[in-house]
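Chains as they are written, first to last, in our numbering: chain A, 85 to 429; chain B, 85 to 429; chain U, 85 to 429; chain E, 85 to 429. One structure below.
There are 4 protein chains.
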Amino acid sequence: MSFRVGVVGASGYSGAELLRLLAGHPALEVALATSQSHVGRSVGEVWPALAPYYPALPLTRFEPVGLCGLDLVFLALPHGESHCAIAAITEAVPRVVDLGSDFRLPADVYGAWNETPHAAPGYLAKFSYGLPELFRDDIAGHDLVANPGCYATAAILALAPLLQHGAIEPTGIVINGLSGLSGRGRGLSTESLFVEAAESVTPYGLLNHRHTPEIEQALGRVADGSVQVLFTPHLVPMKRGILVTCTAKAAKPGLSTESLLALYQSSYAGEPFVSVGCQPPSTAWTYGSNRAAITVRYDPRADSVLAIAAIDNLGKGAAGQAIQNANLMLGLAETSGLTHCELAA
Amino acid sequence: MSFRVGVVGASGYSGAELLRLLAGHPALEVALATSQSHVGRSVGEVWPALAPYYPALPLTRFEPVGLCGLDLVFLALPHGESHCAIAAITEAVPRVVDLGSDFRLPADVYGAWNETPHAAPGYLAKFSYGLPELFRDDIAGHDLVANPGCYATAAILALAPLLQHGAIEPTGIVINGLSGLSGRGRGLSTESLFVEAAESVTPYGLLNHRHTPEIEQALGRVADGSVQVLFTPHLVPMKRGILVTCTAKAAKPGLSTESLLALYQSSYAGEPFVSVGCQPPSTAWTYGSNRAAITVRYDPRADSVLAIAAIDNLGKGAAGQAIQNANLMLGLAETSGLTHCELAA
Amino acid sequence: MSFRVGVVGASGYSGAELLRLLAGHPALEVALATSQSHVGRSVGEVWPALAPYYPALPLTRFEPVGLCGLDLVFLALPHGESHCAIAAITEAVPRVVDLGSDFRLPADVYGAWNETPHAAPGYLAKFSYGLPELFRDDIAGHDLVANPGCYATAAILALAPLLQHGAIEPTGIVINGLSGLSGRGRGLSTESLFVEAAESVTPYGLLNHRHTPEIEQALGRVADGSVQVLFTPHLVPMKRGILVTCTAKAAKPGLSTESLLALYQSSYAGEPFVSVGCQPPSTAWTYGSNRAAITVRYDPRADSVLAIAAIDNLGKGAAGQAIQNANLMLGLAETSGLTHCELAA
Amino acid sequence: MSFRVGVVGASGYSGAELLRLLAGHPALEVALATSQSHVGRSVGEVWPALAPYYPALPLTRFEPVGLCGLDLVFLALPHGESHCAIAAITEAVPRVVDLGSDFRLPADVYGAWNETPHAAPGYLAKFSYGLPELFRDDIAGHDLVANPGCYATAAILALAPLLQHGAIEPTGIVINGLSGLSGRGRGLSTESLFVEAAESVTPYGLLNHRHTPEIEQALGRVADGSVQVLFTPHLVPMKRGILVTCTAKAAKPGLSTESLLALYQSSYAGEPFVSVGCQPPSTAWTYGSNRAAITVRYDPRADSVLAIAAIDNLGKGAAGQAIQNANLMLGLAETSGLTHCELAA
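Written out as structure tokens, the structure is:
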């Protein structure tokens with residue numbers, strides 16, 4: 085049994101990663117790939133590494149009506165483009181995984197963190213937030229899924245067990261995020277040039293990065309109450325990878341690193357894509373994969389908890405998780421197409 | 085039907101790549117992994133990215149007798165260690181793929197390009213040179229295979245069609261090679277430190293790199309005559325990847341870039357792991373894969389031919405090709421375990 | 085008027101940076117350079133970029149008696165080596181700038197954060213903590229100066245104005261540090277290899293990095309009270325550069341980003357090596373220089389302050405600051421030898 | 085005595101390097117800096133590392149009449165822009181150093197290697213080719229100097245002693261060039277993005293790079309005859325640095341590596357910016373400097389000579405050499421402003 089899927093935005097980095105993973109997926113077949121900037125070229129011309137796997141697939145211009153006949157579409161569009169076209173898209177195709185940030189927040193919160201108001205607020209309630217480790221059942225029952233942001237995925241997975249069990253205060257949480265350059269996308273900008281980005285780290289989006297309310301909302305569901313974080317992202321000179329380092333005040337007596345590690349082990353027991361360990365994780369451990377690697381510490385000096393998660397921003401932070409969600413939506417094995425062993429060095 | 089294989093030298097970069105690829109191989113099962121430096125630790129401790137795929141495999145000390153019961157062993161040892169132990173190894177295990185440089189040259193040539201004479205010259209004739217695109221039949225009939233060097237693989241594939249068809253002079257061939265740092269191995273040296281290697285390129289091994297006679301020998305078989313090259317390798321600041329740029333005097337009138345591209349297309353027609361194209365290949369096209377990407381040009385100004393090949397030094401240049409050889413030796417599909425689509429960005 | 089100085093540990097990265105900067109210093113002359121690992125080789129052999137500036141300077145074995153006749157010595161030794169030899173050193177040479185961490189903390193604190201007790205506690209009170217922007221007068225009057233740690237320099241400069249003016253709570257301060265690989269030194273270790281460090285970020289020293297008490301002590305002097313921080317360092321794939329991102333609870337009503345920027349501008353007015361600006365600083369802005377680039381924000385959502393500083397770990401974080409200290413100790417202009425314009429791209 | 089100079093194209097990488105070096109030049113004062121893309125911003129906003137050195141210098145729009153009153157102008161414009169404006173420029177300012185490729189070739193050769201014919205052929209004979217080590221006297225007597233290309237500088241310095249002394253055949257010379265990304269300039273293109281360039285090497289400009297005729301012309305002057313080269317450039321993932329590896333047939337009996345090294349030592353004796361040595365040079369040796377580091381080998385197997393040169397493409401390959409030329413044109417010491425010791429690690 086095979087499903088026909090489309091990749092909208094196939095000339096971007098997340099689009100390429102979707103195509104790569106889908107090339108090995110046993111039950112999903114790529115029937116359509118679109119691009120704004122490379123219409124008329126083939127997948128193999130734009131992504132030579134993919135040429136042997138898509139010998140004839142052309143990049144076509146995206147039009148919602150062109151999605152007719154697909155079972156599911158992955159939208160890997162620039163921020164703000166999905167919500168303008170969602171009505172037409174959902175008329176054409178029964179299932180959508182949106183990798184953008186358009187359908188992750190309620191309309192009022194969206195409006196407060198973006199320059200323009202949401203164009204399709206009526207659709208927001210129809211989208212499920214696609215973080216399977218926390219909201220698996222909800223995703224399986226939805227046809228529209230908003231794939232989480234890359235930083236948000238890492239931060240939520242790093243902090244969820246603590247908030248679920250009341251181990252930390254829900255406010256005053258500090259999250260520092262580090263991202264490789266593919267997190268900026270493939271658009272042309274001076275900041276993304278090799279010469280500007282290499283041999284440097286740069287903080288950005290101070291106090292106003294839109295993953296902030298996304299993290300707060302998802303953790304609020306977990307904590308069953310309001311959560312407040314101060315999130316600071318930084319660009320670091322690598323292609324892929326996200327690391328978040330989270331600090332929060334302890335909210336319970338008697339915590340220890342041992343007990344916290346045990347808590348995480350049990351919280352994520354059986355999860356195929358989460359590894360909990362004592363050693364601080366490197367992003368290289370997750371390069372190309374759909375895995376999150378997490379550790380946690382209790383600091384008795386500051387009576388605080390330190391939680392750290394590493395993912396690949398294009399894997400668990402984008403394309404990998406999108407396929408995980410699609411698997412759930414289509415009733416496939418959740419790990420389908422995501423089991424290949426990725427680069428160790 | 086499954087074969088039991090061993091990886092000797094599993095804590096090095098080629099060893100890790102073997103383990104990675106074997107984790108997805110449908111017919112080979114890793115029954116043994118050895119390491120000199122990490123005995124007693126598990127594969128997952130030394131290579132966290134591999135931990136989910138080898139939850140319990142320990143790294144043991146290499147002893148030939150420990151290979152008993154395996155169907156095939158991959159030797160990923162430092163240069164010069166295989167030939168000292170080959171007698172004991174071949175007593176214990178019926179098939180060997182040696183990724184080192186010990187069994188690629190006749191004893192006299194080996195002696196001329198190495199500091200010490202060969203310790204097991206009687207075994208040299210028993211080894212087949214494992215470049216399947218040129219010597220496939222020979223490999224399939226052998227139990228002992230010498231896996232080609234990384235630079236040698238790229239250079240031989242780049243130049244073979246020209247020499248097979250007498251299109252270039254067999255002497256005066258200039259080969260410039262560029263390699264990522266994993267080509268130096270995982271041994272500790274100041275030159276391999278990030279701070280020394282980043283933001284720099286360094287030529288090395290001037291006039292005396294041991295891949296020189298290996299290239300000449302393999303191309304000599306192809307040309308059915310003596311071949312002479314001047315090979316200069318360089319380290320470039322990347323983890324993986326080899327690019328060779330080869331220049332030779334034309335030996336025929338009437339050459340053109342079009343005719344040469346057609347020659348390469350036909351020479352490599354049907355080869356699953358060689359891509360010929362007009363665009364100059366980047367090493368990134370082959371990152372993590374077993375593929376070689378090749379282009380060729382005729383320069384009428386200099387009446388010369390320019391041939392360029394890109395591979396992953398750990399893939400087609402080491403572990404990928406080793407598995408390709410093992411597949412041939414064991415009668416499996418040649419592409420078995422090597423079909424996954426690797427990173428496009 | 086010229087002073088004769090020595091560089092002990094000249095084959096390490098801080099030693100090389102000292103030699104580089106001293107080559108252009110108008111009043112300091114390098115009369116001695118020592119190395120444990122490269123005795124008998126010349127500076128130019130070990131550091132080819134320095135060869136034209138030190139055509140004949142040999143690297144000699146370090147012996148305290150060999151320092152006789154120098155006016156000042158820079159000690160760029162591995163952690164823990166200075167305190168064992170300090171008595172003999174101070175007998176031989178009248179002035180010492182120690183770039184290591186041996187003389188920055190009181191004996192009890194040193195003992196609590198290191199594996200072995202301090203070997204020369206009697207000398208600790210004789211050392212001044214060499215952060216000129218905060219303790220300039222104290223440094224000028226001392227002959228023994230402990231050069232601050234790289235992370236500590238950045239963190240203290242980032243937070244000092246806030247604590248001086250009671251703008252933040254002195255506890256619960258979260259500091260995330262990012263460092264290039266030269267911060268690990270030139271010693272051989274697998275973690276420092278290009279292949280391991282490139283394309284990855286790695287947190288380390290969780291909860292126990294020895295710059296923690298150093299930061300707390302210096303900020304405590306500034307705050308005139310106890311200060312507590314939770315510091316988490318990370319390695320990022322670049323050669324040079326440190327960035328610290330500091331978060332703390334506001335301790336005053338009425339803060340704003342504008343008022344905080346004005347506070348920093350006035351706190352560092354006239355400082356030749358501190359730049360305060362609104363734009364988040366990149367480490368590239370300080371590459372090769374003795375400069376710190378700082379910004380600050382007030383977050384009304386979390387009622388918290390965010391302060392960020394970038395330096396070059398080998399410049400203001402080591403060799404540059406050491407020369408700044410030496411200038412103060414010798415009565416030279418503080419900027420002497422530190423005014424060259426460094427790489428912009 | 086101070087001269088007023090202008091930098092046209094100050095927001096590009098060569099422009100930034102000119103500003104950096106001029107900030108420390110004792111006799112040249114930057115009176116004007118222009119930019120097409122950043123008009124109205126200050127130097128410090130566009131290049132934060134330069135802010136302390138140019139606290140008030142604005143970037144203005146380039147107009148030839150605006151150059152009036154300057155003693156000399158550096159043109160760091162994109163290829164093809166200088167020749168269209170040269171008449172107006174030379175009316176406004178008495179001396180020009182053009183870092184572009186517009187005035188390096190005779191009109192017919194220019195036309196053959198470029199898409200459009202030369203717009204100001206009458207000016208070509210008025211320009212001197214600014215490679216001081218070979219054509220010093222000619223430069224000193226000219227007011228218009230064409231600064232050599234980066235690859236060309238390295239290749240010509242690497243090969244000149246051989247051709248001057250008839251040691252190699254003047255045809256069949258193979259030159260492989262490796263360049264860091266700043267060689268592509270600061271213009272926006274997908275190929276220059278960090279994600280595309282990191283972890284990859286890419287050959288480009290096969291058979292038709294415009295430095296080819298430039299190298300042939302300069303070496304032809306040296307050889308006093310026609311010279312023919314086959315030049316293949318490659319991009320490597322670093323910010324700065326050029327390495328050329330040159331191979332040529334020996335034209336004399338009795339050559340040896342020792343005799344060739346001696347030849348180079350004597351050819352470049354007294355040259356302040358050329359270092360000849362036995363060890364293969366890394367580009368890191370020249371990072372930020374105006375130096376060329378060269379080695380040479382005789383290969384008796386192939387009866388060929390191998391010559392290798394490393395430079396910084398923005399230093400000796402652009403801005404450094406431009407200042408060296410300006411010094412000659414203005415009667416200043418040739419090393420003026422170029423003596424600072426650059427990064428060793």
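For glycine and all other residues, C-beta sits at the position ideal for the given N, C-alpha and C. Note that the structure is a prediction, hence the values are computed from the model and not measured.
Residue nearest to residue i in terms of C-alpha spacing, selected from the options
i	options	result
L372 of chain A	A:W197, A:E101, A:H167	Note on residue identity: the sequence assigns Gly, not Leu, to residue 372 of chain A. Checked all of A:W197, A:E101, A:H167; the closest Cα to G372 of chain A is A:E101.
A386 of chain U	U:Y352, U:V360, U:S343, U:A335	U:A335
T255 of chain E	E:D186, E:V313, E:A282	E:V313
A135 of chain A	B:G361, B:P139, B:V389	B:G361
N260 of chain B	B:T341, B:S350, B:T329, B:G124	B:T329
I240 of chain B	B:G184, B:V229, B:A307	B:A307
L116 of chain A	A:H226, A:D192, A:G150	A:G150
A60 of chain B	B:G195, B:L347, B:Y382, B:D186	What is shown of chain B runs 85 to 429, which leaves residue 60 of chain B out entirely.
G325 of chain B	E:A429, E:T286, E:P216	E:T286
S38 of chain E	E:L105, E:H109, E:A230, E:V380	One cannot answer for residue 38 of chain E here, as it falls past the ends of chain E, which runs 85 to 429.
P297 of chain E	E:A368, E:W197, E:A346	E:W197
E342 of chain A	A:H424, A:G354, A:P317, A:L390	A:L390
F219 of chain A	A:A429, A:A428, A:Q405, A:L422	A:Q405
D383 of chain U	U:L106, U:T274, U:Q349, U:I252	U:I252
L161 of chain E	E:P205, E:L427, E:V91	E:V91
P132 of chain E	U:Q363, U:I392, U:P139	U:Q363
Residue i burial status per 10 Å Cβ neighbour count (16 or more: buried)
i	result
C152 of chain E	exposed
N397 of chain B	buried
P74 of chain B	Because chain B here runs from 85 to 429, residue 74 of chain B falls outside it and cannot be looked at.
S310 of chain A	exposed
S166 of chain U	buried
A282 of chain E	buried
G128 of chain U	buried
P365 of chain B	buried
N292 of chain U	exposed
A393 of chain A	buried
D182 of chain E	buried
DSSP beta-bridge partners of residue i
i	result
Y382 of chain B	B:V389
D182 of chain A	A:L159, A:A230
R88 of chain E	E:E113
T331 of chain E	E:V258, E:L390
P142 of chain E	E:S126
V360 of chain U	U:I378
**Asked** Taking Cβ-Cβ distances below 8 Å as the criterion, which residues of the segment 106-139 of chain E are in contact with chain U?
**Response** A107, G108, W131, P132, A133, L134, A135, P136, Y137
**Message:** Which residues of the segment 365-379 of chain A have a Cβ closer than 9 Å to any Cβ of chain B? Give them in chain order.
**Reply:** P365, S366, A368, W369, T370, Y371, G372, S373, R375, A377
**Message:** Give the list of continuous alpha helix (DSSP H) stretches no shorter than 4 residues that lie fully inside the segment 251-325 of chain A.
**Reply:** Within the segment 251-325 of chain A, the complete alpha helix (DSSP H) runs of at least 4 residues are 278-281, 295-307.
**Request:** Please name the residues in the segment 88-100 of chain A whose beta-carbon is closer than 7 Å to at least one beta-carbon of chain B, in chain order.
**Result:** From the segment 88-100 of chain A, only Y97, A100 have a Cβ closer than 7 Å to chain B.
**Prompt:** Whole beta strand (DSSP E) runs in the segment 105-134 of chain A with 3 or more residues, listed along the chain?
**Reply:** 112-118
**Asked** Taking any Cβ of chain B, which residues in the segment 293-320 of chain E have a Cβ under 9 Å from it, in chain order?
**Response** T296, Q312, V313, L314, T316, H318, L319, V320
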